[in-house]
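J.:
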Amino acid sequence: MVGAHLTAQQSAPAAKAPAAAKSAPQPASATPLPRVAVTIVQIKPELIDEWQDFQKNETIPTLRKGGVTGRNAFVTAIGESFEYAFLSPVTSFADRDGDSPIVKALGQDGARAFGQKNRRFIAQQRTYVATVRTDLSYQPTPTANLPVVVVANYSIAAGHNTDFESYIKNDLTPAHKQMKTGGFVVQQALFGGDGNSFVVATLLPNFAELDKGPAVVRAYGQARAAAIQQKLAGIVTHVERTVVRMVPELSFQASRPTSDNR
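Basically this note's numbering = 1-based index in the sequence shown + 123.
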């Protein structure tokens, strides 16, 4: 996965979050912050190979035909087994007022048949929309190849969102800059999840990078890192961490025009 995929075009999936929709205030900005739609599915283990073929041979071509400009796929490596996440940019909620991409591509009858086939593979599914907090994220090289992501899903105590943002700006970001890491991307739940939750997705080149430990510990040492964690104790009510990796064969981006079709 390249780091740029975790902004408007891609953002790492969150771990488990409450299903109730709740919007959260975002900082004022001349340019609206990008949003990402996330679909998390658990596939029936006995159908995983057939499902992957279905995704490659039917789902991706259908989504392209229906006007979807791109999606990025992740599989959970440490966490829930047989869990995948698909992420696509949200340009406008008004797009949901019309036909879905599947209906646009296949028509109503074709979409019903597609849905029946697709549902056979799925053990569980949920969707949500998040705001990508580019104002809090740190990506020194957005196009770097960073296929492994540590996904930390933070539940924040009511009224402490700004305190958590201060932690990211004043403690987390300087540590990553000092250690010259691949950086991280921050999401904030918008619809379909807890409005007081943040996701911090740390970008890694490989799994071996996990052996080095957190950037905060490496940059500041155990004592200061422990003090920072103690400070967070009154801000963060729960944190859950999973590790995911990108699945290029289940991802796609908009085709670039050639000299023949410009």
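Think of the CB as a built atom: it goes at the ideal place given N, C-alpha and C, for glycine as much as any other residue. Computed from a prediction, not measured in an experiment: that's the story for all the values here.
(1) Restricting to runs no shorter than 3 residues, where is the beta strand (DSSP E) found entirely within the region 294-359?
(2) Please return the same chain residues whose Cβ sits closer than 7 angstroms to the Cβ of F205, not counting the five positions on each side in sequence.
(3) For S278, does the three-state DSSP call read helix, strand or coil?
(4) Going by other Cβ atoms of all chains shown within 10 Å of its Cβ, with 16 needed for buried, is R158 buried or exposed?
(5) As a quick exercise: from G189, I279, K300 and G202, pick the residue whose alpha carbon is nearest that of K354.
(6) Between which two residues does the beta strand (DSSP E) harbouring N195 extend?
(7) Hey, how far is the Cα of K145 from the Cα of A331?
(8) Report the CB separation of T365 from I183 in whole angstroms; it is logged as a contact under 8 angstroms.
(9) Rounded C-beta distance between V362 and Y277? I'm assuming under 8 angstroms.
(10) When the Cα of P337 is compared with those of G306, Q175 and R219, which residue comes out closest?
(11) Please identify the residue among D218, T199 and F216 whose C-alpha is closest to the C-alpha of F209.
(12) Helix, strand or coil, according to DSSP, for E169 in the structure here?
(13) According to DSSP, is S223 helix, strand or coil?
(14) Do three or more CB pairs link the region 257-271 to the region 288-306 at distances below 8 angstroms?
(15) How long is the line joining the alpha carbons of V273 and V370, rounded to whole angstroms?
(16) Are I351 and R249 touching if we call contact CB-CB under 8 angstroms?
T.: Quick look at the numbers:
(1) 307-314 and 320-327
(2) Taking the first residue of the sequence shown as 1, we reach residue 205 at position 82. Closer than 7 angstroms at the Cβ level, and outside the excluded window around F205, lie Q165, I166, P168 and I171.
(3) Here residue 278 refers to the residue found at position 155 when the sequence shown is read from its first residue. Strand at S278.
(4) For the purposes of this step, residue 158 is taken as the residue at position 35 of the sequence shown. The residue is buried, with at least 16 neighbouring Cβ atoms inside 10 Å.
(5) Taking the first residue of the sequence shown as 1, we reach residue 354 at position 231. The shortest Cα separation from K354 among G189, I279, K300 and G202 belongs to I279.
(6) Within the sequence shown, numbered from 1, the residue matching residue 195 stands at position 72. Per DSSP, N195 belongs to the beta strand (DSSP E) from G193 to I201.
(7) Here residue 145 refers to the residue found at position 22 when the sequence shown is read from its first residue. Here residue 331 refers to the residue found at position 208 when the sequence shown is read from its first residue. Reliability fails at K145, whose pLDDT of 42 lies under 50, so the model's placement of it is uncertain and no value is given.
(8) The residue given as residue 365 occupies position 242 in the sequence shown. The residue given as residue 183 occupies position 60 in the sequence shown. Actually they are not in contact, since the Cβ atoms of T365 and I183 sit about 25 angstroms apart, beyond 8 angstroms.
(9) Residue 362 sits at position 239 when you count from the first residue of the sequence shown. Residue 277 sits at position 154 when you count from the first residue of the sequence shown. Y277 and V362 do touch by the CB rule: their CB atoms are close to 5 angstroms apart, below 8 angstroms.
(10) Translated into the one-based positions of the sequence shown, residue 337 becomes position 214. The shortest Cα separation from P337 among G306, Q175 and R219 belongs to G306.
(11) In the sequence shown, the residue the question calls residue 209 occupies position 86. The option with the nearest alpha carbon to F209 is T199.
(12) As a position in the sequence shown, residue 169 is number 46, starting the count at 1. Reduced to three states, the DSSP call for E169 is helix.
(13) The residue given as residue 223 occupies position 100 in the sequence shown. The answer is coil: DSSP assigns S223 none of H, G, I, E or B.
(14) yes
(15) For the purposes of this step, residue 273 is taken as the residue at position 150 of the sequence shown. For the purposes of this step, residue 370 is taken as the residue at position 247 of the sequence shown. Using only the alpha carbons, I get a separation of about 15 angstroms.
(16) Against the sequence shown, residue 351 aligns to sequence position 228. Against the sequence shown, residue 249 aligns to sequence position 126. Not closer than 8 angstroms, so no.
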